[in-house]
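Note sheet for the following structure.
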Amino acid sequence: MLVFSSRRLLKILSLDFASAMALYPFIIVSHPYLKNHETLIRHEKIHLRQQLELGIIGFYIWYALEFLIRWFRYRNRRLAYENISFEREAYARESDATYLSRRPFWAFLAHL
Ligand SMILES: [Zn+2]
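Numbering (my numbering), first residue to last: 1082 to 1193.
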């Protein structure tokens, strides 16, 4: 895992939506000081684990499909994003420093 900051790249990849993003094996943050933001980095590390479990490309396909389904359901981009199972897991566990060491395989399924 490598953490680097690039506001421009993040703006392009997330359509100016995110302050950080996991793109296996990288974590991209919008500002250098965010490299030391423990909760944010932990959140992105959870996404890296999810990506590995789904063969990386499978994660992005699932993520996009689930976003579209939830966007249709909620008619709100922010709500759709927050309710993607990968995000629900990451937000629920980002403050738990030991979570990844005991996280079950495909744990995001519990957040569907
Ligand atoms: Zn996230």
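Note that beta-carbon positions come from the ideal geometry of N, C-alpha and C, so glycine has one too.
Look at alanine 1145 and tryptophan 1152 and say whether their C-beta atoms are less than 8 Å apart. Sequence index remark: in the sequence shown, residue 1145 carries index 64 (1-based). Sequence index remark: in the sequence shown, residue 1152 carries index 71 (1-based). No, the pair does not count as a contact, with Cβ atoms beyond the cut-off.
Following a CB-centred definition, is glutamate 1168 positioned closer than 7 Å to any heavy atom of ligand 1? On the sequence shown, position 87 is the one that residue 1168 refers to. Yes, ligand 1 has a heavy atom inside 7 Å of this Cβ.
8 Å contact criterion, which leucine 1190 and serine 1166 should meet: CB distance rounded: Here residue 1190 refers to the residue found at position 109 of the sequence shown. Here residue 1166 refers to the residue found at position 85 of the sequence shown. Rounded, the Cβ-Cβ distance is 7 Å, consistent with contact.
Below 7 Å, is the gap between the Cβ of histidine 1112 and the nearest heavy atom of ligand 1? Counting from 1 along the sequence shown, the entry for residue 1112 is found at position 31. Checking the Cβ of histidine 1112 against ligand 1 gives no.
Pick from Ser1100, Gly1139, Leu1129: whose alpha carbon is nearest that of leucine 1083? Taking the sequence shown and counting its residues from 1, the one referred to as residue 1083 is at position 2. When each option's Cα is compared against that of leucine 1083, the closest is Leu1129.
Please report the Cβ distance between leucine 1094 and leucine 1104, rounded to the nearest whole angstrom; I am assuming they are in contact, meaning their Cβ atoms lie under 8 Å. Here residue 1094 refers to the residue found at position 13 when the sequence shown is read from its first residue. Here residue 1104 refers to the residue found at position 23 when the sequence shown is read from its first residue. With 8 Å as the limit, leucine 1094 and leucine 1104 qualify as a contact, their Cβ atoms being about 7 Å apart.
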